[in-house]
Amino acid sequence: MRMGKVERPSREETKPPRADSKTKPKHAAAASVVGQVSPDIISTYFTPVLTELAAQALGDYAANLLEYDDIIRDMKAMKEKQTVVDADGKIRGIEAPEPPIAPLYRSEYYVKELRQVLSETSDHFQSKKGGWRVHARASRFERLMDQKYGIFRPFLKQHPEVDKFVRSVQVKYANGYFSPIRQGKPPIPKSTAVIILFMMKRGDMKWEILTLSALFFLVGLQPWALVILVAGGHTLLEGRKKRAVKPMETHIPTARPYFRSNRDEASSRKTKTDFLSRPVGKKHVPKERINMMKYDTMILGSGPDVLYTASLLSRAGRKVLVMTARSDASGCYTIEDCNSGEAKKFHNVPFDVCSSNVSKISGQQELLAPALSNSTDFQGGVRFAKIGSEADGYAFQILSVPSMGGDDTPCPFVLRGRGVSSLMEDAAASLGDGWPDASGSIGNSATGLYSATCESINSSAANYYLSKIIEDSVNEMRNDGIYHSVASRYASGFLDKGFPSNPHARSLMAAIGMNGEDIKPTKTSMAPHVTNVSAALSGEGMHYPVGGPRALCHALSTVVEQSGGCVLTNVPVTELIFEHFDALAPNQRDEKKMSAPRCLGVKLSDGTELKFDMKSWRNQDYSPAVISMHGFITTFIRLMPDDIRTKYKVPRGLPALSESRPVFKLLFGLRGSATDLEVTGIDFCRVPGAGLAQDELDPVKNEMKHMGSTGGRRMDNVISEHINQESNDAPEAAKENDNKKAKELKNKSHVRFETGASWMKVSFPSAKDPSFESRHGSITTCVVTVEADDDFVSLFETKPRLYSSQKDQGNTTDKYQVLIDRIKCDLLNVFPQLEGKIVCSQLIGPIYRGLSHNPERYVAKGVRPQSQYPGLFAGGSDLTVGESFSASIVAGWLTANAVMGYSAIDYLFLQKNITSDIINFLEEPDVDDNEDTAVPYDMPQSEISAFS
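Those letters in the sequence shown? Residues 1 to 948, per the UniProt record's numbering, in order.
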């Protein structure tokens, strides 16, 4: 600062001092806090003012009261009464003063009560637990009651109990008592509830119980709300269950039996016999026009499973057109060159090439009845005879496995229809397995224990196959059971664990589990293995339709035709037809290019196109369908156009699958009846894929040193080992060449038919049919099935792996004749009594059989009836298990349900499907007291299975 100048104070120093933050304003309430806004005016303003006024009034009253008491005391102390004479001469005394008026709050008790009232009032309006909202709502409810009930309101006042009840309801309603969501804390913590729900899920608890538990524990639904939800849901589901899925009607008329005759018994018997001599279906004349406006469903294929699917869809209201390239829609073949000599007896005699053995007949008849039922019989007049007799224990199959039961020569093993008990006894007697208990229980039998395990696994097979017609999103939340888990595993692992020390019993169960395809257990899925074991050892034996599959298919085709459908034969289909996006309007083109095109129909070998006109289906509740029962390889590889398949792909997982090797069917017409030839309905099956494993035992410890591979010791392996032994002393280059040669020989020997060694199946269909001899005389039909070798088919390492017939590669007549001679020689070695009895024969094939039974087939997501192409469905035994009549019927059931479009709710909660709806809506047959069957037969009733 400068010298001599007075210093001026700064602004900070001249700023007036700030008032204390705790200093209250002049007119602030006593309980208020500076800087804090409170909406509670009762406690902050009214309470201190009113209590101060009450205390002041009480103090004034006490002072006045004391003064009044002093005056009264002084007046009483006066000894003489003072008098005063007024102007009128009247005398009056000294008057006592008036007592003080008591205030409203006349004591500290009343002041304290005032404070309590004010405090309660404040809490009533300001605290979270205050009930002023409840009272406000109740008052509003009162007004609403007056407005709503009007004249009835006085009634409530006259009856206080009713009024009390109404008020309690009002209070409960206001407090949320009637809310469907629970108020307050849950009964148990949510973490505990999640654990309980998880344990319920692991315990295979039903989905409806799990859903209700989750709603109660996690969502917090009230018990009464759960009851209403269950009742409402049950009502809705029952209503849905009683409704038919379009185009099914709620009243389905029954079909008239095709075999009905009003003539005498002899004439009726002849009429039925003549009818069964006709092929199933109507022969199609080339270039004959087929009116597609009459049909809405097209099915490609032949056999009982195809006509079963067609019959179900016909009963469901669809107009079905069945087309097959064969001359008989039943799937049977006939020998063509039999017009001279003794061979004339086999003219138009059907040969069952599908081996229609029916396992678990009770369950199969439940599936067949809705499709077969006619106006006089639940089973459409079709009966099933049990294969075998009481004398042979109802034997139905002979298994021949290399080295099983003996060192060099295999010991044939006979499967009988008495279930696991007969298997345990035979395995103990011939294969060294443990014996069962005297009571018939498993005891020490490893085969009995293994069979029981397979039956337990197979109990969940229905859930697994049902998943093929349920959406993937629903399947992810379902538990399909252990069958789904073992489907992705190889059968060899289970066999090794089940029979660690008995390779003979191990080979036996491997042969029972897979004798329909020449495939080793190391490549076989456990799913078909347990299914085949369960079917063979069910205890019901094997049955065969009386009259053969032709009688069964005649009954099914009758339902199709009487429902407005048609069954056509000699209709070779070469290609599927899909809609072209170029023909669509521009505004529709962009929307549909994102998805696969719709399948419209098929193209025949003569160039004729059979397709649906989609313009006539725009306003319909359902769409037309094309169903291919030829299997996935034929449907999506051989019949689908290349451009469609390349652009829109095949079903998921199909490129990873493999096709089974095609087979030849050699038909033999034999002179003499089955009794004369000493043959029965037992099928003979040689299964080299289940060959005895070469286990190595430690002679010192008497323990398993190395467990061999079942089916590993094969002819090809022997050749490879022989060549390798010869090249031990050769140079390295020579060894490498020999190894290559061994591999080549191994591959060739694996697929070449060798007499006495290769896979072969022999059946006598006429011996299974009790009516055959009465219809055709003393002749016998024989069908031998072998796998086609490399002289006739070629394997292509594509995706998927598939086979193709070798055509246009020179004259193959000699090769065919060589194959026929080898098969004939093998047949006579097995059945020497047939020497000189063969009248005629015919080789058929190669015949494609579908997918191989490896684990990839059972885990592929795309192996299901509904494809990514709208209107195209794939059926056949590829959906279940191949070479099985019962499994193919189940596959047909799955396909029919997929076409009808039932939902997961129908299957899982309502048990609603196509057969249950047909049973509910189908007209009851008028069953006659006198049984009139489609095929006359002479057989004890105890051996005939009739459904009721």
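Glycine residues also receive a C-beta, built at the ideal position from the N, C-alpha and C atoms. Note that this is a predicted model, so its numbers are computed, not measured.
Query, Result
"Assign Cys-825 to buried or exposed, taking buried as 16 or more other Cβ atoms, counted over all protein chains shown, within 10 Å of its Cβ.", "exposed"
"Assess contact between the segment 188 to 208 and the segment 217 to 225, defined as three or more Cβ pairs (one per stretch) separated by less than 8 angstroms. Is contact present?", "yes"
"With 16 as the cutoff for other CB atoms within 10 Å, does Val-783 come out buried or exposed?", "buried"
"Does the structure place the segment 880 to 890 close enough to the segment 665 to 676 that three or more beta carbon pairs sit under 8 angstroms?", "no"
"Per the contact definition of three or more C-beta pairs closer than 8 angstroms, is the segment 412 to 432 in contact with the segment 535 to 551?", "yes"
"How about Ala-461 and Thr-531: are their beta carbons less than 8 angstroms apart?", "yes"
"Distance check for Gly-547 and Tyr-937, CA to CA, integer angstroms please.", "9 angstroms"
"Any idea if Asn-515 is buried or exposed, counting beta-carbon neighbours within 10 angstroms, 16 or more meaning buried?", "buried"
"Starting from His-776, follow the alpha helix (DSSP H) in both directions and report where the run begins and ends.", "772 to 776"
"Does the segment 369 to 389 touch the segment 548 to 557, meaning 3 or more C-beta pairs lie closer than 8 angstroms?", "yes"
"Provide the residue(s) that pair with Gly-405 in DSSP beta bridges, ordered along the chain.", "According to DSSP, Gly-405 bridges with nothing at all."
"Out of Ile-779, Ile-918 and Leu-300, state which residue places its alpha-carbon closest to the alpha-carbon of Thr-634.", "Leu-300"
"Taking 8 angstroms as the cut-off, does the segment 348 to 367 touch the segment 852 to 859 (at least 3 CB pairs, one atom from each stretch)?", "no"
"So, does the segment 765 to 778 touch the segment 646 to 657, judging by three or more C-beta pairs under 8 angstroms?", "no"
"Where are the alpha helix (DSSP H) runs, 4 residues long or more, that stay fully inside the segment 473 to 534, in chain order?", "482 to 486, 491 to 498 and 503 to 513"
"Decide yes or no for the touch test of the segment 877 to 884 against the segment 269 to 286: beta carbon pairs closer than 8 angstroms, at least 3 of them.", "no"
"Which residue wins for smallest C-alpha separation from Thr-324, given the options Ser-400, Ser-439, Cys-411 and Lys-603?", "Lys-603"
"Cα separation between Asp-613 and Glu-579?", "10 angstroms"
"If we ignore side chains and look at the alpha-carbon of each, how far apart do Pro-99 and Thr-51 end up?", "25 angstroms"
"Taking the alpha helix (DSSP H) that Glu-108 falls in, what are its first and last residues?", "108 to 126"
"In terms of residue numbering, what span does the alpha helix (DSSP H) encompassing Pro-370 cover?", "361 to 372"
"Given a cut-off of 8 angstroms on the beta-carbon distance, is the pair Ile-361 and His-543 in contact?", "yes"
"Near Ser-563, which residues of its chain fall below 6 angstroms by C-beta distance, leaving aside the five closest residues on each side in sequence?", "Ser-314"
"Taking only three categories from DSSP, how would you classify Ile-299?", "strand"
"Can you tell me whether DSSP reads Pro-846 as helix, strand or coil?", "strand"
"What residue from Ala-57, Ala-446 and Thr-121 has the CA that sits closest to Ala-102's CA?", "Ala-57"
"Hey, would you say Pro-655 sits closer than 8 angstroms to Lys-799, going by beta carbons?", "yes"
"Check Val-353 in the structure and name its three-state DSSP category.", "coil"
"On the DSSP letters alone, give me the boundaries of the alpha helix (DSSP H) that residue 957 sits inside.", "The requested residue 957 is not part of the displayed model; the chain covers only 1 to 948."
"Is Lys-520 closer than 8 angstroms to Gly-711 when the C-beta atoms are compared?", "yes"
"Please report the residue range of the alpha helix (DSSP H) in which residue 1031 lies.", "No information on residue 1031 is available, as it lies outside the stretch 1 to 948 that the chain covers here."
"If you compare alpha carbons, which of Gly-448, Phe-921 and Phe-46 is closest to Ser-119?", "Phe-46"
"Just to confirm before moving on: does the CB-CB distance between Gly-498 and Ala-446 stay below 8 angstroms?", "yes"
"Closer than 8 angstroms by C-beta to Glu-471: which residues in its own chain qualify, once you throw out the five before and the five after it? Chain order, please.", "Ala-904"
"Going by the CB atoms, is the gap between Gln-183 and Ala-138 shorter than 8 angstroms?", "no"
"Assuming Arg-822 and Phe-753 are in contact, meaning their beta carbons sit under 8 angstroms apart, how far apart are those beta carbons, in whole angstroms?", "6 angstroms"
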